[in-house]
Structures are given as C-alpha cells and as structure tokens.
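Everything below concerns the one structure shown next.
Numbering (my numbering), first residue to last: 13 to 468.
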C-alpha cells in the first residue's frame, strides 16, 4: 500500500471502523463530493441486482440510502425494489437503463454488480458523470480495460472501490495472514498456492426463447450478438431460480465472452491476497505457464470452435514466476484458499480458517500490537462499504484500489490467455504487455459491439 494512503487512512474517523456503526458523519459539501450536511448519509444506486448485487446492497443499508436500482431483467428489478423498500422504508426508483441512474444529480455513488463484460463501460461512464464507484470483482474483462479505468480515475478524481472484500472482511483472517508474513513468521516466502476450485463442463445448450422480462440485447451489451441459450433444468442453492445451463444469469462466468471462469472469479480473491502478501501490488510476474489444464471444448487460435457449450477452463494448474524468485501456483485442485510456504514454515488461510504452526505459535508469541492495522493502513473498517465511504469522505482511494486490483488481475487474465493459446507467456510488468508474442498481445483487448462502445 502506498505510504500516502496509509497516512491518510490513519486519520479517518474511528467511528467508521467500529463494527455495526449506524451512521457516518460527512462534512458539508456538494453532492457526490462530500454530501450536503453533517447529518446526511450518502445516496447510492445499485446497477445489476442478482446475487452479489443484492449482497453488497444489503450490507450497505447501515451506511447509505438507496435512491435507485437498475437491471435489464424486469423480474430481478421488481424483486429487489421490494427488498430495498422493506429494508430502508422507502421505495427506490427502478430503471432498466443504467444511464438514467447516471443522469441523476442526487446520487453520490453507484454499486456495480452486473456480469463482468459490462463492468468497464458502466464504471467509466459513472465516473465521468461525477459518481464514485464500488464495482464487483473481477473489475475487467481484459487487461486493457483495466488501464482505461485507471486513466479515468486519474482524470476524474473519483473514489473507486473494487469488491474484493477479503481485504476488509472474513474475520480479518487474510489481514492476519499478511501480518504473519510481514513479521517474518515463515521466513522468506518461497511459494504461494492459490486454490480456486474448478468448473464443470456443460452439455450442448440449445437456443431457447428469451425469458419474459429479460432484455437480452441489453444484457449482451458490449459482447457479440448471439442467441439466448438454456436447458430446462433449474439451478438450486446460491444463484438459484434460473436455468442450470445457459449463457446468461449466473452461468455467464463459464463463458469467455462474458467472464474468465474460475481464474477471474475466485482467482480475483485469492491471487489478490497473495500479491498483497508478497508486496507485489504494483508489479507483476515475469512468466505465466499453463502446466496442466482442461478446456471443455476445442480451441483454434485461441477461440472456441463451438458456441453452444461452456468454454472456460474446467481444471488447471498454472505456474506464475513472481518477483524475488517466488513461485505462485494457481490450481483447481485441493482446498479453496491460500497456502503460504517459506523458509521457516507454512500456513493455510481461507474465509473460514487460518491454520498451521505459525498460527498456533501466536498463543505464546502474539503479533505485535497494531500489526493488523499496519497491514490495513489504519483501523479496519466495519465492512467493505464502510471503507468505501471513508474514501468518499476523505477523497482518498479505499483499500481495494483499482491499481493493485488490476496488477493482480493481470495474472488471472494472462493465465486464461496462456491456456487458450496453449503456451507459456513472458510478461513485461513495466510495459504491461506480453513479450515477443503478437498473437497473445491481441488478447489484451476486445472490440465492443457497435452501439455499446466504451469511450476511451
């Protein structure tokens, strides 16, 4: 974390860090740049409401008021309007077109939880409309989109939080893991293994009628125009109520047209923490090598030859050559979480536990006082939204800034490109381009569909 951000964070209101804080006092200023009075709460809108969209909205009510919601699926939109009204006692306005949200002067910030292929366009337009942004991970669909977002953050001065909430939440286990490493509890780090699970292949998914209430063309947005596909079987559990196999709700993660499979799903969480722990948030790897992997369909020149089945990797083992001779492994095998191995020991951490001898030794040899706060750069916020609002107040970037996010996400994107092309990729972390491989470099960006271009 840059020293300037650590210093500014130490000056933030202690009240925001207190768990369960009900309000955040904001100095008087203009809307979207400090709010209107000391008693005002920031006014938010959420764009994209299924699953994580509701999750981040729901944990933000104690800090913000929601004036509007937007979603291209009328059924999802209606359900969440009712949910928000019950939670805050006031009905938010509802829009299919997110641009109506951005036109409103009363909205200070937007929370974006659309499918990945929409993130960059909405985020860029929101910042240029004077809104601060909280955007779900993975932030981008391509590496060049990340560079564009960085450019617009600098141009507009907006505050931007990425939804990698493991930096703030999960019982501070990941913060403790980084504190252990910084305190030398495992010596020099030699290897980091990120277990991020695999995905299942799909059967052939036929074209199907577009569900009533869904604007399929608008859902596709910047992605290529294709037919809606689905099988009758319904998904159960988290993300349920939609077809188990489709190229839309929930299953978009399994298609490179809209996402990056597990590499940008869970990888965006665990690779992020690994890079933070290694002190590699402003640099990158020298090489990414696909050791073992399974693609569910045939690929030719980096593109799937069929369009009726999931195409993101189902199994993989990626080796990433990190600075200081650290080996990073990203794998679909084993426990979901991060294993840190050093010259003096090792330990494992995930959202539910942190285990290993260095952790057991804390009973007799605790971390120095303030070690967790030193990692975080100040008092740990009540949750990721509270941290975002701290940044809105101070006009400083929050804990999950776009620069460190994009640096680690480049590893995830490069891993997908390497598997699609079937070869190791050498990476220049200064120029942020693939070395000596024009074909691979062509995958750093994508052309957006006409009518849904992103203004550079």
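For every residue, glycine included, the Cβ atom is placed at its ideal position computed from N, Cα and C.
Assigned exposure category for residue i - 16 Cβ within 10 Å defines buried
i, result
"residue 386", "buried"
"residue 148", "buried"
"residue 200", "exposed"
"residue 315", "exposed"
"residue 370", "buried"
"residue 451", "exposed"
"residue 62", "buried"
"residue 154", "buried"
"residue 54", "buried"
"residue 133", "buried"
"residue 214", "buried"
"residue 378", "exposed"
"residue 454", "exposed"
"residue 367", "exposed"
"residue 302", "buried"
"residue 376", "exposed"
Whole-angstrom distance between residue j and residue i, CA atom to CA atom
i, j, result
"residue 74", "residue 217", "42 Å"
"residue 263", "residue 278", "15 Å"
"residue 136", "residue 159", "11 Å"
"residue 442", "residue 189", "28 Å"
"residue 353", "residue 335", "15 Å"
"residue 67", "residue 300", "33 Å"
"residue 317", "residue 404", "46 Å"
"residue 97", "residue 313", "50 Å"
"residue 40", "residue 92", "Low local confidence applies: a pLDDT of 30 at residue 40 is under 50, so the model's placement there is unreliable, with the coordinate-based value given in what follows. Roughly 31 Å between the two C-alpha positions."
"residue 309", "residue 422", "24 Å"
"residue 79", "residue 320", "39 Å"
"residue 85", "residue 56", "20 Å"
"residue 259", "residue 464", "19 Å"
"residue 440", "residue 104", "47 Å"
"residue 409", "residue 324", "33 Å"
"residue 402", "residue 152", "24 Å"
"residue 101", "residue 95", "10 Å"
"residue 117", "residue 139", "13 Å"
Distance between beta carbons of residue j and residue i, contact taken as under 8 Å
i, j, result
"residue 283", "residue 177", "With 8 Å as the limit, residue 283 and residue 177 do not qualify as a contact, their Cβ atoms being about 15 Å apart."
"residue 249", "residue 346", "About 22 Å separates the two Cβ atoms, so there is no contact after all."
"residue 433", "residue 426", "About 11 Å; that fails the 8 Å criterion."
"residue 203", "residue 170", "Not a contact, Cβ separation roughly 38 Å."
"residue 461", "residue 127", "Not really, about 14 Å apart at Cβ, beyond 8 Å."
"residue 209", "residue 274", "6 Å"
"residue 359", "residue 349", "Rounded, the Cβ-Cβ distance is 10 Å, inconsistent with contact."
"residue 65", "residue 125", "3 Å"
Proximal residues to residue i (C-beta, below 8 Å), its chain only, five neighbours per side dropped
i, result
"residue 252", "246"
"residue 33", "For residue 33, the predicted model reports a pLDDT of 36, less than 50, meaning its position is unreliable and no value from the coordinates is stated."
"residue 231", "84, 85, 127, 260"
"residue 111", "137"
"residue 2", "Beyond the ends of the chain as shown, which are 13 and 468, falls residue 2; an answer cannot be given."
"residue 343", "205, 206, 207, 208, 328, 329, 330"
Own chain, CB closer than 6 Å to residue i, minus 5 neighbours either side, in chain order
i, result
"residue 254", "247, 261, 262"
"residue 130", "233"
"residue 306", "326, 327"
"residue 141", "114"
"residue 69", "58"
"residue 228", "222, 240"
"residue 357", "198, 369, 370"
"residue 272", "428"
Spatial neighbours of residue i in its chain, beta-carbon cut-off 7 Å, leaving aside the 5 residues before and after
i, result
"residue 4", "Missing from the structure shown is residue 4; the chain here goes from 13 to 468 and no further."
"residue 71", "395, 397"
"residue 29", "Reliability fails at residue 29, whose pLDDT of 38 lies under 50, so the model's placement of it is uncertain and no value is given."
"residue 355", "199, 200, 202"
"residue 270", "127, 128, 129, 235, 264"
"residue 81", "57, 58, 61, 89, 92, 93, 96, 104, 106"
"residue 459", "none"
Any non-hydrogen atom of the ligand MN within 7 Å of residue i CB
i, result
"residue 217", "Because no ligand of any kind appears in the structure shown, any question about the ligand MN cannot be addressed here."
Residue-chain proximity (residue i, chain B), Cβ-Cβ < 8 Å
i, result
"residue 74", "Given the protein chain composition of this structure (a single chain), no chain B is represented."
Examine the Cβ distances between the region 282–296 and the region 171–191 and report whether three or more of them are shorter than 8 Å.
-> yes
May I ask you to verify whether the region 237–244 touches the region 218–227, counting CB pairs closer than 8 Å and requiring at least 3?
-> yes
Pairing CB atoms from the region 410–425 with CB atoms from the region 287–298, are three or more of them under 8 Å?
-> yes
Are the region 326–342 and the region 444–459 touching by the rule of at least three beta carbon pairs closer than 8 Å?
-> no
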